[in-house]
Structures are given as C-alpha cells and as structure tokens.
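Numbering (the numbering used here), first residue to last: 38 to 385.
Glycine included, every Cβ here is placed at the ideal spot set by N, Cα and C.
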Amino acid sequence: MTRQVLVVDHSRRLFMEVRRTLRVRGAGTEAISASSTGDAMEILERAPVTLIVSDLRIHQEPDVSFIRHVNERFVDIMHLITCDGHSREMEALLNQLDGKEQILFFRRPYAPQSLADRIIEILERQKDGGTLFHVSVGMVLQLVQMEQRSCIVRIFETDGGGRGTLFFRKGSLLDAWTLQKRGERAAHDILSWEDASLMIQNGCHRMENRIHAPLQALLLEAMRLKDERDSKRKEKGGEPPAGAGEAPVDTPHPRPLLGLRAIREQLARNGFFQSVVINIAGAASWNALIGQADRLGSLLGMGEPRLIFMDRNEDQDYLLVCGKEPVVLTLKKNSPREKLIQFLQSLE
Numbered sequence: 038m039t040r041q042v043l044v045v046d047h048s049r050r051l052f053m054e055v056r057r058t059l060r061v062r063g064a065g066t067e068a069i070s071a072s073s074t075g076d077a078m079e080i081l082e083r084a085p086v087t088l089i090v091s092d093l094r095i096h097q098e099p100d101v102s103f104i105r106h107v108n109e110r111f112v113d114i115m116h117l118i119t120c121d122g123h124s125r126e127m128e129a130l131l132n133q134l135d136g137k138e139q140i141l142f143f144r145r146p147y148a149p150q151s152l153a154d155r156i157i158e159i160l161e162r163q164k165d166g167g168t169l170f171h172v173s174v175g176m177v178l179q180l181v182q183m184e185q186r187s188c189i190v191r192i193f194e195t196d197g198g199g200r201g202t203l204f205f206r207k208g209s210l211l212d213a214w215t216l217q218k219r220g221e222r223a224a225h226d227i228l229s230w231e232d233a234s235l236m237i238q239n240g241c242h243r244m245e246n247r248i249h250a251p252l253q254a255l256l257l258e259a260m261r262l263k264d265e266r267d268s269k270r271k272e273k274g275g276e277p278p279a280g281a282g283e284a285p286v287d288t289p290h291p292r293p294l295l296g297l298r299a300i301r302e303q304l305a306r307n308g309f310f311q312s313v314v315i316n317i318a319g320a321a322s323w324n325a326l327i328g329q330a331d332r333l334g335s336l337l338g339m340g341e342p343r344l345i346f347m348d349r350n351e352d353q354d355y356l357l358v359c360g361k362e363p364v365v366l367t368l369k370k371n372s373p374r375e376k377l378i379q380f381l382q383s384l385e
C-alpha cells in the first residue's frame, strides 16, 4: 500500500521540496503533483492521497474554493497550506469551515526544514496506532470497539480499489466516509470489504455523531447488501446463485433441535409467559438474518449464534432462537430477560 502526498504547486518548487523529503524520510510514501486546483480535484477522486500540501493564495476565490471543497469532500485528509497573508485572515477562513482541525497554514517565508518536519510528523501520526495488511475490516473494528479506542481508521480495499475512513471515539463509531458516501451508507460499503489494508491513527478529532446504529447491526447490514450485490452480479453473468439446483443436505446442527411446540411447552412449564414472553412464533422468514449472523460469527471466530436479541425501537423486544427450526419470541419491553436467556441456552 503506497500512500501519496498530493502537492498543488504552480511552479513545482514546493513539489521538489516535498519529493526530496519523502525520498529521504517518507518510506512507503510518494509525492504526486498538480499544477492547478482543477487538476488536484481530479487526482483526489482516484488516487490514495493521505496528505495535501498546497501553495495557495487565500485572497483569490479559486484557491479559497479549493480549500472549502477539500474540507467538505475529503474529511479525512490533512491539508497543509503555504500562503501569504495575515493570521487574522487565516483565522477568519478557518472559522467558516467545519473541519478546521484538518487545515494547517504555513506563512511565507518559512523554513524548509520546519515544513519537512511537519509533513513527516503528519504521515507518522496517521499510522501511530498500527498498520495492517490483507485483513478483514469487520474483525479489526470489533477489536477497536472492545478496546474502546478513540482512533481514525483509514482503509484501502485490496482488490476493488475502494478507500474509506472510519472515526471512532471510545469504541463508538461516529462517522464513516468514502468517495461516494458518508455516514451509515459509507460504513456499509467499508464493512463489506473482506481484504483490505488499514492504517490506524490514535485519537479522533471529530465531535459530530453521524452514525447511531451499533457496529454489529452495521456489520450484518453490510453483509446483507454484499449478498444482494453478489447475487445480482451472478444473475447478470448467467451464473446461478450459490446452492441453486443442489439437493438440501441434512447436516448435523450444533444448535438446539427443539421446535416451536416443544419450546412453547418448556416456556409455559417454567412460567416465562407470565413474566417475560408475550408470544412465540415460527421464524422461517428470519433465515436470511440467521445466515448473515452465521457469517459474522465465522468471520470473528465466535461460532454460530444461538440467540439474537433485537431492539427495533418498538413497544416490544424480540429474541430469535437459532435452532434447527428457528423461532422468534416477542418480549415485554425492558423486561428482565437474563433467566430466559440462560434457560434457552440450556436447551438441547
């Protein structure tokens, strides 16, 4: 994974400075140049740029528009700007932007060594939490959540060429970004990447929370959407969906083998209908969700799920029993369910 520093420079003097710095001190990073802000915008749409170094004139509207565009469109990229101007003018411009912590001004004249040091500092900070290659995005992010880390995770898809960024604070996913999407829709795309390289930057400057769904729900939805895309792709290519035309195989199942009637009798005998359970029904329509949960459990090395609890912001909660014959229990909202769960886990 080669990171790129985009240098926007009309004269190429700045580009030569940055390239020299990276050749000496920036292992795994290369400098690419754009002679205009228009060229830079095109490059940003296709190249894995992690830092922009620009020589701009903050008094000219095209350059100011470029600063605003980068700030709004590429929320994870640090923008280091060399320019003329007074501190109050720079401060006034920053106050107009949402992600001003992503912008750093260097007033001319500046010491080349100080600029070089800052570039290397930024690049090193982007991976100070670790760099991983050819990993599953979902597995790594589960660890981020369990450790309650505050970090920025930059992801580069190995095969598809996608790139995106996830922002975590104390293990909670705040925001996600790809070139095409933002928020939960971006998270669904990123979490479906099964082979990717990641750079983890410790700390997270973002405060706005654009994502409110738990990470497990996002992972399940990402897998569902990926299955849909794969199925459509196979149909267009004339390939039958996986398993089509095959006879069902009755394989041993590690989950409970009790069916709907037996589980209902057990619940009634142990008094759960009075305290917790409102209703019990067959759950054949939930097989797709169970299949996605199976994939998630396999991905994380946790095995197949036996129970899935669902809070759908309704007047009741739901508990899916993933047995040979899956059933769904409708539960009283916020009722004590620990004994019920322990009881269901004991069923064979």
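If you compare alpha carbons, which of the options is closest to residue i?
| i | options | result |
| --- | --- | --- |
| residue 312 | 348, 375, 89 and 178 | 375 |
| residue 177 | 153, 218, 234 and 126 | 234 |
| residue 301 | 265, 367 and 206 | 367 |
| residue 231 | 196, 216 and 331 | 196 |
| residue 186 | 113, 207 and 201 | 207 |
| residue 222 | 250, 56 and 309 | 250 |
| residue 94 | 104, 85 and 318 | 104 |
| residue 253 | 52, 159, 180 and 151 | 180 |
| residue 243 | 227, 382, 152 and 188 | 188 |
| residue 75 | 58, 167, 100 and 55 | 100 |
| residue 182 | 297, 58, 256 and 361 | 256 |
| residue 115 | 203, 141, 129 and 109 | 141 |
| residue 298 | 67, 184 and 362 | 362 |
| residue 198 | 359, 383, 83 and 120 | 83 |
| residue 328 | 354, 370, 307 and 264 | 264 |
What three-state label does DSSP hand residue i in the structure shown?
| i | result |
| --- | --- |
| residue 250 | coil |
| residue 238 | strand |
| residue 48 | coil |
| residue 370 | coil |
| residue 319 | strand |
| residue 193 | strand |
| residue 377 | helix |
| residue 141 | strand |
| residue 111 | coil |
| residue 295 | coil |
| residue 313 | coil |
| residue 210 | strand |
| residue 163 | coil |
| residue 97 | coil |
| residue 185 | coil |
From the DSSP secondary-structure annotation, give me the bridge partner or partners of residue i.
| i | result |
| --- | --- |
| residue 215 | 201 |
| residue 80 | Residue 80 pairs with nothing; no bridge assigned. |
| residue 169 | 235 |
| residue 92 | 119 |
| residue 130 | For residue 130, which the question treats as bridged, DSSP gives no partner whatsoever. |
| residue 344 | 358 |
| residue 43 | 69 and 89 |
| residue 174 | In the DSSP output, where bridge partners are listed per residue, residue 174 has none listed. |
Is the Cβ-Cβ distance between residue i and residue j less than 8 Å?
| i | j | result |
| --- | --- | --- |
| residue 77 | residue 71 | yes |
| residue 239 | residue 154 | no |
| residue 88 | residue 42 | yes |
| residue 191 | residue 113 | yes |
| residue 295 | residue 246 | no |
| residue 143 | residue 118 | yes |
| residue 203 | residue 227 | yes |
| residue 386 | residue 348 | The chain is shown only over 38 to 385; residue 386 falls outside these bounds and no answer can be derived. |
| residue 358 | residue 377 | no |
Does the beta-carbon of residue i have 16 or more other beta-carbons within 10 angstroms, so that it is buried, or is it exposed?
| i | result |
| --- | --- |
| residue 139 | buried |
| residue 49 | exposed |
| residue 225 | buried |
| residue 92 | buried |
| residue 39 | exposed |
| residue 288 | Reliability of the predicted coordinates at residue 288 is poor, the pLDDT of 40 falling under 50, and no value is obtained from them. |
| residue 194 | buried |
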